[in-house]
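This report concerns only the one structure given below.
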Amino acid sequence: MLSIVAIDYGTPQAKSTTPVALRIDGHTVNVPEGTSVLRAAAQAGIHIPKLCATDMLDAFGSCRLCLVEIEGRPGYPASCTTPVTAGMQVTTQSPKLGELRRGVMELYISDHPLDCLTCPANGHCELQKMAGVVGLREVRYGSDGANHVAPQTQQGKTNQRFVAKDKSNPYFVFDPSRCIVCSRCVRACDDVQGTFALTMQGRGFESKLAASLDERFLDSECVSCGACVQVCPTAALSEKSLIEMGQAEHSVVTTCAYCGVGCSFRAEMRGETLVRMVPNKEGHANHGHACVKGRFAIGYTHHPERITTPLIREKISDPWRVVGWDEAIARAAGEFKRLQNQYGKFSIGGITSSRCTNEETYLVQKLVRAGFGNNNVDNCARVCHAPTGYGLKTTLGESAGTQDFDSIEQTDVVLVMGANPTDAHPVFGSRLKQRLRAGAQLIVIDPRSIDLVRSPHIQADYHLKLKPGTNVAVLNALAHVIVSEGLVDEDFVAQRCESEAFEKWCALVTQDRYSPKAMAATTGVPAAVVRGAARLYATGGNAAIYYGLGVSEHAQGSTAVMGIANLAMATGNLGRPGVGVNPMRGQNNVQGSCDMGCFPHEFPGYRHVADPVVRAAFESEWGVTLHDQPGLRIPNMFEAALDGSFKGLYLQGEDIAQSDPNTRHVTAALQAMECIVVQDLFLNETAKYAHVFLPGSSFLEKDGTFTNAERRVSPVRKVMEPKAGYADWQITQLLSKAMGYPMHYTQPSEIMDEIARLMPTFQGMSFEKISRMGSVQWPCDAEHPDGTPVMHVGEFVRGKGHFMLTEYVPTAEKVNAKHPLILTTGRILSQYNVGAQTRRTANLAWCSEDLLEIHPHDAEERGIVEGDWVGIESRAGDIVLHARISARMQPGVVYTTFHFPGSGTNVITTESSDWATNCPEYKVTAVQVTRVTQPSEWQQRHQAFSEKQQALLEQSLDVIGSY
Amino acid sequence: MKLFVSTDSSSLSIGAQAVIDSLSDAARRRNIPVDLVRTGSRGLFWLEPMIEYEHQGQRLAFGPVTPVEVPNILDALVTGNRQHPLNLGPVEELFKTQGQQRVNFRRCGEIAPTSWSDYLATGGSRGLLRALQIGPAAVIETVTRSGLRGRGGAGFPTGVKWRTTWHAAGATKYIVGNADEGDSGTFADRMLMEGDPLSLIEGMVIAGFAVGAEQGYIYLRSEYPHAQQTLQAAIDVAYTNALLGNNILASGQHFDLQIRIGAGAYICGEETALLESLEGKRGTVRYKPPLPAVHGVFGKPTVVNNVITLATVPAILAEGAEAYAAIGHDTSRGTLTVQLCGNIRHPGLYELPFGCTLGHVVESLGGGSASGRPIRAVQVGGPLGAYFPTTLFDTPLDYEAFAERSGMIGHGGIVVFDDTVDMAEQARLAMGFCALESCGKCTPCRIGAVRGVEVIERILTGCSSERERNLLLLRDLCQTMLDGSLCALGGLTPYPVLSALNHFPEDFARVAERPAS
């Protein structure tokens, strides 16, 4: 079912700008060339009946309700498939058309249940509406004919055509009896999502929707993006929540709280109860599409494990004590003040959440800088895209991706490196696949055969299946080919880049040791493949690079980012639509928390704390004196805690005990501190080491903004009251006040106004503008009042582009006889990051544990078969997972995810990190894998500890229950 | 001694192989060296199996031959005393008597189907050489002037179609030969592919040259295994002799051709469903426009022509547009390959100039019904063609003349019924056929055909008071299908239904009263 407020124009908007004038029912209508007659009429307010057409999908022409009369043309053309022509005279209503439409509708209804009043689609069913529109009054075919509606025939025999409901998918039901075979679902699956899981099976009257080879939806290739459910005109595909609750009565536009795509949604509500999430067709990042997480996995927001009351305790072995907000805040502030008195101003700090809004994350860094009086603030980009910030700032002058997502429409060559968009950024992944199916060429640089390498109607032109840890070697080999074969865009480089740095870079990469042939032994990529990819990237037209954590989470993460920027500059692939360097940001607001200055060395807007002019501006606005030296990065905080100099930490929705590398090191640091204040929805892994728990609010419970991977600032809107009473920004404000630095915001828009005053790139930003435009991409200033879709047009932000030298330095994390395999980590579609949200949803149906993927060869050598317990041992620790044998891997490389805390994936990852930013080298850990029979010692201890912490929590919550 | 026997699938189906076996056996016993040439069929099915021989530059025939008669015939040939009850005389004389004018089928039955030398000796490749000489524009002009129209059924002017593809933007274009001959009572495509496949290949090469396509596909129905074998052999011969490949007849032109086998769906004879199937997808109909000529297979400009249409082209080029246009009637120029079958004495393929009447074909050429009973109806143009009563036998074979009488010539198939036919049952069958073969995309066809069967059944079994109501419903349904369907399957199914209802209303009234059998 479409959104309850959607206006459906029937066919997509035409891309042309050439106007065409035609007459429809006597009215002159002007529309762009390529517009369908159906859409032209709809834009003029004339609604031609339709069923198979919807504006998310190309015209199909099957329902035959939208037939019209066109002067000078024979018969009754379908208005959805007929493009407008100049001077065309269209009649949309006539006695003949009325008869035809009634005739068609009579056929539809002769094979459809008549239980409208109790049907889930009642009130928003398009079939029901059309029956009314065409004036159907009678179905003369009777009810004893062939049908898909009744389980039994009138003679009491089994109706072979009837198929019972498929309820296997946790989020939606397929009821074949209500299907009108319009193929909207199939087209959405093919054309929009690109999974090709659905098909019409059989032909004629026997046509029926089938998932994969007529399997249950859950067992099929369906990835549960829900596009089919959204476009279904009847109740054949309906959300279970809709079936249970009934129609929503109002809808609020908000922004998804999962990945960095930042999809716009309409939260469809009944009062304060969420009925369903429907992606917003007007959303600039997603254009009406969504994935299984954003659309469906929202159950965590009202999960029973959510904690809605503040808790405190003296020691982590104590039970929690349920307290009021005042007491909890007083305890936290009191402890922080005590620690600062006892151990000095720099003994405490804060970590901001990339799940929270810009306003909230801004407030935490403000609290640390102005309230704590130091710069000990960091955010999760430390463990993901800090190298992106550093690398792009150094080369191009701005710490963000260069393009908007729509730019992909003009891309001819896509280079995906160390990113798995179909799993980690699914909505952009679908968009990318659309472009690839339309003819763009693809280079994938990834140690694994990710879906993009080969999936329905997609095949990478080049897959550089490199050994983990050799990104820079591959980038240098690509550069070697581009420079030595004369494929550099000399004009671009001469005009826009620093020539001396360019020459130095050329001199480096053209050295023989960086030739594809010389690098092949290091990277494992055949020289011919590297050469082909380099030539394609440099000469294939508009080439765009999309990269992810597979680039940044390495000892040379920053070097690789700079290598990417170098390639783009050398080939002139920057500064216009269709090209660029695009980091796929992991979290919904990790771009935002970086922008908001949640770094120990930078104020909001990426300006160094040592810069006196910038500092003065903040001091003036905030009314305090600010420290001029960088504070502690997250890993430094751990070191300092273990040294005894760092004693208290305020964590806003960040689960470092699960997400950061070398878990045992992290938990030791947490235990060494005297006051850990965790603000979160759940008792997460870190909260198990906390002394104060402040219950946070979900994205549905507050106003604010998120900034996605394309620098797009989108609105987050409160659709229900915070379950624990306060939005996160209010909690930070309470804490700040208790710390002696009162803040006086009455609503988040005031925080944004302050940000706009202080950040040049946000100068023109306001809630009012974001509301009016839907979303705004920074920089938004006097020069770009409506925002900036594409950066570095005409000139780089730093002036001249700066080629950085990218010497390849092999990681210290090397395989040897003891640890002969390389472990690399990543994500899967159905789970998200540490899993705090998705593990508390029905997404568990697809994945309920982290698995170790291992190549058949490596598995056979070790006698491992599918499903075996396998021990994975690194120099940092060992864990045990079940094995999945997968030829996606290359021999010598194993892979797992980190969605489940009990797996302890980060027990075995090491402290090896990026030389520039300390971003951990999650992607390379030397390990050995062996068959074992039981969970590892750490896992057993973790389980015991978790059970104890859970018990302590339940004890205290029982106290509330007894009130 | 050189003898000719057809090994076309219809000939085989009535015992050609047994005749050949008997012939070999008899020749061995008599120690007579026989050079047996296996040919396509002459289309004179009631005279098959035939044994042909050459005499004074003419081809003469015996038929219909049974294995028992073979030794006698061999003896007659050896002795030179050819008086034999089965001696049919010169084949050309038979054609002449029937008024046949063989353009497409001039080689069929005459030559060994995949013999390059036979092909050249009978004028093969002359059309292509001429085309290469005059250039694409002149080729299209020639085809246009010849008046050739699509023989698959729609009768669209071939030259216009080619011109559209020629003008369409894009470097990659395709030629598709539609050999998914699914109409009931038709077999012309198959006969041609088994009897003279090189003419089809040559026609496709010319089409490719004319519009700028370098790749062709023949979409062949899976039910034609013999045709597939012969076609493949012919394609191999064509490559060997540079009729296909990257230097066609030393011209530097390039054209490749492959066969693609269908999966048993009638709808895949519809050009857009064919293209979907050719792309490996489910055979459903595409909406038009865009026309395949502009947006065809794999989204590229594509000429989709019927086998006969394409095979006519070499003759038009070789003999000139005027020679072809001189044959025929009004706006229907050239010849029509009538395929006569059903309840008829002389079934077979008759290549006739447009313009002779339906009655002439059925009664004079066909010799009346096989059962000897009076003819009551004929269905022209396949399962979607109208049923014509004998009162319409004056209708000339002409696209427009048939259209005026709510009928269509289609692919030229004529199925004959005598007076025992139940026309209401035929109407029900028409709806049933549509229900069986509907691709399921558009509503009028997908649901309408099923309801059509049900309504007709209700008319035939229900009480007379309901009959009027259901007859009205049937007519309404036909109108919805006629005006509302996406393609010709749903759009033309009402033709046989309404023609049965209009011309034979008594069958719809009568049947209800008859006792249950």
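From first to last, the protein sequence lines stand for chains A and B. Residue 257 in the working numbering sits at position 257 of the first sequence, and the numbers go up by one each step. Residue 322 in the working numbering sits at position 322 of the second sequence, and the numbers go up by one each step. Glycine residues also receive a C-beta, built at the ideal position from the N, C-alpha and C atoms.
Check, Outcome
"Can you pull the chain C neighbours of S110 of chain A, defined as C-beta to C-beta under 8 angstroms?", "Structure shown: chain C not included; protein chains present are A and B."
"Between which residues of its own chain and A333 of chain A is the CB-CB distance below 7 angstroms, once the five residues before and five after are set aside?", "L735, A738 and M739"
"Using a cut-off of 8 angstroms between C-beta atoms, extract the partners of R64 of chain A located in chain B.", "C442, T443, P444, G484, S485 and L486"
"Residues of chain B with a CB under 7 angstroms from the CB of T81 of chain A: which are they?", "Y287"
"Straight-line CA distance for A242 of chain B to S146 of chain B?", "27 angstroms"
"Would you kindly work out how many angstroms separate the C-alpha atoms of Q128 of chain A and M105 of chain A, rounded to a whole number?", "10 angstroms"
"Helix or strand or just coil, what does DSSP make of Q591 of chain A?", "helix"
"Note down, in chain order, every chain A residue with its Cβ under 9 angstroms from the Cβ of A234 of chain B.", "Going along chain A, no residue has its Cβ under 9 angstroms from A234 of chain B, so there is no contact; the nearest lies around 32 angstroms."
"Would you kindly work out how many angstroms separate the C-alpha atoms of S485 of chain B and A188 of chain B, rounded to a whole number?", "28 angstroms"
"Within a Cβ cutoff of 7 angstroms, which residues of the same chain sit near G260 of chain A, ignoring the five residues on either side of it in sequence?", "H425, M584, R585, G586, Q587, N588, V590, Q591, N708 and A709"
"Can you tell me where the alpha helix (DSSP H) holding E454 of chain B begins and where it ends?", "G448 to T461"
"Could you spell out where the alpha helix (DSSP H) holding Y350 of chain B opens and where it closes?", "Here Y350 of chain B belongs to no alpha helix (DSSP H); instead the beta strand (DSSP E) covers G348 to P353."
"Might you give, ordered along the chain, the residues of its own chain that have their beta carbon closer than 6 angstroms to the beta carbon of A76 of chain B, omitting 5 neighbours on each side?", "R82 and H84"
"According to DSSP, is R30 of chain B helix, strand or coil?", "helix"
"Ignoring anything shorter than 3 residues, give me the beta strand (DSSP E) runs that lie fully in the segment 93 to 178 of chain B, in order along the chain.", "none"
"I'd like to know whether the C-beta atoms of A59 of chain A and S36 of chain A end up nearer to each other than 9 angstroms.", "yes"
"Between L213 of chain A and chain B, is any beta-carbon pair separated by less than 9 angstroms?", "no"
"For S207 of chain A, return the contacting residues in chain B, with the cut-off set at a CB-CB distance below 7 angstroms.", "G440 and R446"
"Is Q511 of chain A near the ligand PLP, with its Cβ less than 8 angstroms from a heavy atom?", "This structure simply doesn't include the ligand PLP, nor any ligand for that matter."
"Among the residues of its own chain, which have a CB less than 6 angstroms from the CB of V719 of chain A, if the five just before and after it don't count?", "V252, A267, M269 and L700"
"In chain A, which residues lie less than 8 angstroms from A435 of chain B when you measure between Cβ atoms?", "G204 and F205"
"Residues in its own chain within less than 8 angstroms of A887 of chain A by CB, not counting five upstream and five downstream?", "S449, H855 and P856"
"Taking the straight line between their C-alpha atoms, what separation do you get for L432 of chain A and F298 of chain B?", "21 angstroms"
"Mind checking whether V313 of chain B and V143 of chain B have CB atoms under 9 angstroms apart?", "yes"
"Under DSSP, the beta strand (DSSP E) around A544 of chain A begins and ends at which residues?", "A543 to Y547"
"Could you check where the alpha helix (DSSP H) with H857 of chain A kicks off and where it finishes?", "P856 to E861"
"Taking the continuous beta strand (DSSP E) assigned at S11 of chain B, which residues delimit it?", "Note, S11 of chain B: premise wrong, no beta strand (DSSP E); alpha helix (DSSP H) at S9 to S13."
"Quick one: using the 10 Å Cβ neighbour count with 16 as the cut-off for buried, is I14 of chain B buried or exposed?", "exposed"
"Using DSSP's beta-bridge definition, name the partner residues of P901 of chain A.", "Per DSSP, none; premise fails for P901 of chain A."
"Please confirm whether S183 of chain A has its beta-carbon closer than 9 angstroms to some beta-carbon of chain B.", "yes"
"Mind reading off the beta-carbon distance from C225 of chain A to V292 of chain A? Whole number of angstroms is fine, and I expect it under 8 angstroms.", "6 angstroms"
"With a 10 Å radius around its C-beta and 16 neighbouring C-beta atoms as the bar for buried, classify I134 of chain B as buried or exposed.", "exposed"
"Looking only at DSSP bridge pairs, what is Y362 of chain A linked to?", "Its beta-bridge partners do not exist; DSSP assigns none."
"Using a Cβ cut-off of 9 angstroms (strictly closer), state whether V104 of chain A contacts chain B.", "yes"
"Taking 9 angstroms as the CB-CB limit, is Q479 of chain B close to chain A?", "yes"
"Between the segment 241 to 266 of chain B and chain A, which residues of the former have a C-beta closer than 8 angstroms to a C-beta of the latter?", "A265"
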